[in-house]
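Student:
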DNA sequence: TTATATTTTAATGAATTTTTAAGGTTAAAA
DNA sequence: TTTTAACCTTAAAAATTCATTAAAATATAA
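Chains as they are written, first to last, in our numbering: chain A, 1 to 242; chain B, 243 to 484.
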């Protein structure tokens, strides 16, 4: 059987090169691109059997856009795609899987594991469609409805407009109703491991979220502060502890 | 929380000192070494939680050698390492990443960013260890329910509000039901090894905890004083033993 | 590009938590 | 009984954490 060709689409040259070295060592042919545009150009000329795609890419297209284009092309509609991402965000993961990606790996990753996963994907390269459902499409908590499919949030019958970050934050907290998350965990989950900003930035987003979904933002019913520990989502409709 | 110790391995005293001052200001304990040899000596005697390593070092070993040795030791195989380098060389970066370093910063660097990166590396380290949650999510002792996920405590059907320290103290004692801890051990476990305050401060927190969870705080059922020895948690539901 | 929306930083004050300190109480030893 | 050491209790000082706002920086869309 001919050598398989793997394309890495990743803007960090260090990661790209490290992957390239390791994949070559494993016996794959490797192509690299630093952006989605570049990747599409290369794909025109070379045969690619597998894509490793970073979500965060420079330029007008991100990794999702690239995957969308690839999957809509005749040549690559069933070529495996593995997503690399800085954040372990369920929404991103779902989005990727819905686009037809085969795996989702969070940076920083273990190289051995990554190689194993690639091998495994090649092995079971049958009809993929093993999309695992992650939670309900709609989250309803009292007067709050979060539609994760339409990306809409309704409060007391009104559609409210959230920014992407606010939406992700709300969905993450709501999907883990009751569980307390400290700021560091939230930064990792929603901003990604390579976020170098201030931890207080979480507070500000919580505040803005509250002004949008709470009746009285200073006395929140949904997004609760657990002093010294973090924040949690509460469903005011549910009764006490069991 | 205990203070983290960062070791700087850098031969340029100007850079070393500048980093040292800034890291101290951020609340870290700082150790310095001017060569790999020196670093290895210090590591024998002191606990180090993070290494900042310059690649170009005087003597027979360079930064890569040092990292290789550290990573092969049991004590530091998973201690974070940040590489400082004068050249923004992809090959060096790759080599560093392959050795297991966590970040790579090129001189001259922005101090603010460096501090942020260190913080971020610590962040994902702690979140990684938080993943392996041990013990049950709920601790139940007679009329007392401790929910370690929601960070809630229920007493006789009522939700009581504890401060972070009170909560941690209660969880620690309850997880070790029956075992007696003296004040010094409690200070070590809950305040951190570098706490230099009064040992009586434990009494005060025990007192406040009792007023919140005990029916009669002066005749406690849950948090028992063992005179001359310390405190222990008891489950009044269980039968007594000698 | 400019304009607009979003995100981050920074700074203040308020509220809560933690520590200190000091006198009171209790239990065991002298 | 007296003494002593350990513990309890309370109040106030000190430190920390959070909410809030506005402005600066950044990203996105027109």
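Every residue, glycine too, gets a C-beta built ideally from N, C-alpha and C.
Does DSSP classify residue 443 of chain B as helix, strand or coil?
Tutor: In the second chain, residue 443 of chain B corresponds to position 201, counting from 1. Three-state DSSP puts residue 443 of chain B in a helix.
Student: Indicate the three-state DSSP secondary structure (helix, strand or coil) for residue 262 of chain B in the structure shown.
Tutor: By one-based count along the second chain, residue 262 of chain B stands at place 20. If DSSP states are grouped into helix, strand and coil, residue 262 of chain B belongs with the helices.
Student: Output the residue ranges of the alpha helix (DSSP H) runs that lie fully inside the region 103-169 of chain A and measure 4 residues or longer, sorted by chain position.
Tutor: 111-123
Student: Of the choices B/288, B/282 and B/253, whose alpha-carbon is the least far from that of residue 271 of chain B?
Tutor: To locate residue 271 of chain B, count along the second chain from 1; it is residue 29. Out of B/288, B/282 and B/253, B/288 has the C-alpha closest to the C-alpha of residue 271 of chain B.
Student: Can you give me the C-alpha to C-alpha distance between residue 357 of chain B and residue 295 of chain B, rounded to a whole angstrom?
Tutor: Locating residue 357 of chain B in the second chain gives position 115, counting from the first residue. Locating residue 295 of chain B in the second chain gives position 53, counting from the first residue. Roughly 14 Å separates the two Cα atoms.
Student: Output, in chain order, the set of chain B residues within a Cβ distance shorter than 9 Å of residue 116 of chain A.
Tutor: The residue you call residue 116 of chain A lines up with position 116 of the first chain. Those do not exist, as residue 116 of chain A stays about 17 Å from chain B at its closest Cβ, beyond 9 Å.
Student: Nearest by alpha-carbon distance to residue 22 of chain A: which of A/230, A/147, A/194 and A/119 is it?
Tutor: What you label residue 22 of chain A is simply residue 22 of the first chain in a count that begins at 1. Measuring from the Cα of residue 22 of chain A, the nearest candidate turns out to be A/119.
Student: Going by Cα to Cα distance, which pick from A/235, A/25 and A/203 is closest to residue 112 of chain A?
Tutor: Locating residue 112 of chain A in the first chain gives position 112, counting from the first residue. When each option's Cα is compared against that of residue 112 of chain A, the closest is A/25.
Student: Assuming contact is defined by CB atoms lying nearer than 9 Å, are residue 308 of chain B and residue 328 of chain B in contact in what I supplied?
Tutor: Indexing the second chain from 1 puts residue 308 of chain B at position 66. Indexing the second chain from 1 puts residue 328 of chain B at position 86. Not closer than 9 Å, so no.
Student: Can you name the start and end residues of the beta strand (DSSP E) that residue 468 of chain B belongs to?
Tutor: Locating residue 468 of chain B in the second chain gives position 226, where the first residue counts as 1. Per DSSP, the unbroken beta strand (DSSP E) holding residue 468 of chain B starts and ends at 465-468.
Student: Decide if residue 321 of chain B is buried, meaning its Cβ has at least 16 other Cβ atoms within 10 Å, or exposed.
Tutor: Walking along the second chain from the start, residue 321 of chain B turns up at place 79. Residue 321 of chain B is classed as buried because its beta carbon has at least 16 other beta carbons within 10 Å across all chains shown.
Student: Going by beta-carbon coordinates alone, are residue 40 of chain A and residue 11 of chain A separated by less than 9 Å?
Tutor: Taking the first residue of the first chain as 1, we reach residue 40 of chain A at position 40. Taking the first residue of the first chain as 1, we reach residue 11 of chain A at position 11. It is not a contact, given that the beta carbons lie outside the stated cut-off.
Student: Name the chain A residues whose beta carbon is nearer than 7 Å to that of residue 393 of chain B?
Tutor: The residue given as residue 393 of chain B occupies position 151 in the second chain. Those are 180, 226 and 229, listed as they occur along chain A.
Student: Taking a cut of 7 Å between CB atoms, which residues from the region 320-339 of chain B lie near chain A?
Tutor: So the list reads 332, 335, 336 and 339, given in the order they occur along the chain.
Student: If you drop the 5 nearest sequence neighbours on each side, which residues of the same chain put their C-beta closer than 6 Å to that of residue 129 of chain A?
Tutor: The residue labelled residue 129 of chain A in the question sits at position 129 within the first chain. In this prediction, residue 129 of chain A has a pLDDT of 38, which is less than 50 and means its spatial position is unreliable; what the coordinates show is noted afterwards. Contacts found: none.
Student: Starting from residue 282 of chain B, trace the beta strand (DSSP E) both ways and give me its first and last residue.
Tutor: As a working note, residue 282 of chain B is residue 40 in the second chain. Note, residue 282 of chain B: premise wrong, no beta strand (DSSP E); alpha helix (DSSP H) at 278-287.
Student: Secondary structure at residue 317 of chain B, three-state DSSP: helix, strand or coil?
Tutor: If you number the second chain from 1, residue 317 of chain B lands on position 75. If DSSP states are grouped into helix, strand and coil, residue 317 of chain B belongs with coil.
Student: Three Cβ pairs or more, each shorter than 8 Å: is that satisfied between the region 137-152 of chain A and the region 173-182 of chain A?
Tutor: Taking 8 Å as the limit for Cβ pairs, the verdict is that the region 173-182 of chain A does touch the region 137-152 of chain A.
Student: Considering residue 339 of chain B, what are the terminal residues of the alpha helix (DSSP H) in which it resides?
Tutor: For the purposes of this step, residue 339 of chain B is identified with residue 97 of the second chain, where counting begins at 1. Element bounds for residue 339 of chain B: 332-341.
Student: Is residue 32 of chain A closer than 9 Å to residue 8 of chain A when the C-beta atoms are compared?
Tutor: Along the first chain, one-based indexing puts residue 8 of chain A at 8. Along the first chain, one-based indexing puts residue 32 of chain A at 32. In contact: residue 8 of chain A and residue 32 of chain A (Cβ atoms closer than 9 Å).
Student: What does residue 21 of chain A touch in chain B if you count any residue whose Cβ is under 9 Å from its own?
Tutor: Residue mapping note: residue 21 of chain A aligns to position 21 of the first chain, counting from 1. Chain B residues near residue 21 of chain A: 336 and 340.
Student: Give, in chain order, every residue of the region 184-208 of chain A whose Cβ lies closer than 9 Å to some Cβ of chain B.
Tutor: 184, 185, 187, 188, 189, 193, 194, 195, 196, 197, 198 and 199
Student: Over the uninterrupted alpha helix (DSSP H) stretch that includes residue 186 of chain A, give me the two end residues.
Tutor: Indexing the first chain from 1 puts residue 186 of chain A at position 186. Note, residue 186 of chain A: alpha helix (DSSP H), 183-186.
Student: Looking at C-beta atoms only, is the number of pairs between the region 388-395 of chain B and the region 459-478 of chain B that lie closer than 8 Å three or more?
Tutor: No, the region 388-395 of chain B is not in contact with the region 459-478 of chain B.
Student: For a quick check, are the C-beta atoms of residue 335 of chain B and residue 323 of chain B less than 9 Å apart?
Tutor: Against the second chain, residue 335 of chain B aligns to sequence position 93. Against the second chain, residue 323 of chain B aligns to sequence position 81. No, Cβ-Cβ distance for residue 335 of chain B and residue 323 of chain B is not below 9 Å.
Student: What separation, rounded to the nearest whole angstrom, lies between the Cα atoms of residue 331 of chain B and residue 304 of chain B?
Tutor: In the second chain, residue 331 of chain B corresponds to position 89, counting from 1. In the second chain, residue 304 of chain B corresponds to position 62, counting from 1. So the two alpha carbons sit approximately 16 Å from each other.
Student: Give me the residue from B/245, B/317 and B/413 with the minimum Cα distance to residue 387 of chain B.
Tutor: Working through the second chain from its first residue, we reach residue 387 of chain B at position 145. Measuring from the Cα of residue 387 of chain B, the nearest candidate turns out to be B/413.
Student: Under three-state DSSP, which class holds residue 273 of chain B?
Tutor: Residue 273 of chain B sits at position 31 when you count from the first residue of the second chain. DSSP, read as helix, strand or coil, puts residue 273 of chain B in strand.
Student: Buried or exposed: residue 446 of chain B, going by 16 or more other Cβ atoms within 10 Å of its Cβ?
Tutor: Here residue 446 of chain B refers to the residue found at position 204 of the second chain. That one is exposed.
Student: Which residues in chain B sit within 7 Å of residue 17 of chain A, going by Cβ to Cβ distance?
Tutor: On the first chain, position 17 is the one that residue 17 of chain A refers to. Ordered by position in chain B, the residues that pass the 7 Å Cβ test against residue 17 of chain A are 332 and 336.
Student: Does the beta carbon of residue 133 of chain A come closer than 9 Å to any beta carbon on chain B?
Tutor: Here residue 133 of chain A refers to the residue found at position 133 when the first chain is read from its first residue. Confidence at residue 133 of chain A is low in this model, with a pLDDT of 43, below 50, so its placement is unreliable and the value that follows should be read with caution. No, no contact with chain B.
Student: In the DSSP assignment, the beta strand (DSSP E) including residue 248 of chain B goes from what residue to what residue?
Tutor: Reading the second chain from its first residue, position 6 is the one you call residue 248 of chain B. From DSSP, the beta strand (DSSP E) with residue 248 of chain B extends over 247-251.
Student: Might you give, ordered along the chain, the residues of its own chain that have their beta carbon closer than 8 Å to the beta carbon of residue 245 of chain B, omitting 5 neighbours on each side?
Tutor: Locating residue 245 of chain B in the second chain gives position 3, counting from the first residue. Excluding sequence neighbours, residue 245 of chain B sits near 269, 270, 271, 434 and 436.
Student: Would you say residue 232 of chain A faces chain B, with C-beta separation under 9 Å as the test?
Tutor: Sequence index remark: in the first chain, residue 232 of chain A carries index 232 (1-based). Output row for residue 232 of chain A: interface = yes.
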